[in-house]
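Novice: In this note's numbering, the protein residues as written are 434 to 631.
Got a structure here, written out as structure tokens. Questions coming.
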Amino acid sequence: MINAIWLFLVVGSVIVGLFSGNLNAVANSVATSAAEAFKMSLGLTGIMCLWLGMMKIAEKSGLAGKISSTLSPALGRIFPEIPKGHPAFGSISMNFVANMLGIGNAATPLGIRAMHDLQSLNDQKDVASDSMCMFLALNTSSLQLIPAGAIALLAAGGSTNPTSVTFPALLATIASTLAAFFAVRALSRMKTFRNQTF
């Protein structure tokens with residue numbers, strides 16, 4: 434499905450560019466976007482290597498275990514399907530902490546690691562488990578105590594008070610996280626959404 438969408442967008446942009454006389458602009462945009470995508474992927478690779486290494490250090494030093502044990506009572510209620518002491522709790526905990534601190538780039542590799550750990554518990558490898566759906570929803574809603582990215586953008590834009598976004602962001606992400614949690618809980622109980630292969 435996603436391939437069909439991309440094909441439609443590419444072909445559609447070429448057709449619009451052809452009929453509007455902006456085909457050169459479309460071609461230049463393709464070249465520029467490809468270069469930017471390559472730079473972004475290189476940057477993301479570096480960040481992933483760094484934070485996966487930090488995660489490994491946190492595991493070896495016992496820090497991940499301490500964070501996991503601190504959050505485990507709450508995480509155990511949110512993810513009842515995960516066995517107690519499973520490494521998935523450590524990955525999920527570190528991802529949540531990175532998101533709470535507004536370090537989205539750091540949260541990405543930790544989220545991938547958490548999904549990999551959750552997939553190891555999944556009996557149906559071609560269907561997302563309830564825990565995977567819950568993690569994805571909570572990760573996307575992203576409760577943020579410190580919206581570091583938004584603060585950095587406001588500061589770069591010349592804002593005189595870039596931290597003014599902190600409290601509204603906290604309220605918004607609390608609401609989005611609660612909405613995500615209850616939506617997954619409700620949908621997971623509906624027969625329509627169970628054992629569906631997407």
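Cβ coordinates follow ideal geometry from the N, Cα and C atoms, glycine included.
As the structure is a prediction and not an experimental result, all values here were calculated from the model.
Taking three-plus beta-carbon pairs below 8 Å as touching, is the region 539–550 in contact with the region 502–513?
Specialist: no
Novice: Hey, how far is the Cα of V530 from the Cα of A602?
Specialist: 16 Å
Novice: Could you round the C-beta distance between E414 and D550 to whole angstroms and report it? I think they count as a contact, below 8 Å.
Specialist: Here the chain has residues from 434 to 631 only, and residue 414 is not among them.
Novice: Can you tell me whether DSSP reads M565 as helix, strand or coil?
Specialist: helix
Novice: Let me know the secondary structure DSSP gives P642 once reduced to three states.
Specialist: This structure leaves residue 642 out entirely; the chain is present only between 434 and 631.
Novice: Which same chain residues, not among the five before or five after I607, have their C-beta less than 7 Å away from its C-beta?
Specialist: L576
Novice: I need the boundaries of the alpha helix (DSSP H) containing P520, first residue and last residue.
Specialist: 520–533
Novice: Check this for me: beta carbons of S574 and S621, under 8 Å apart or not?
Specialist: Here S574 is not near S621, since their CB atoms are 8 Å or more apart.
Novice: Using the three-state DSSP reduction, which class does G445 fall into: helix, strand or coil?
Specialist: helix
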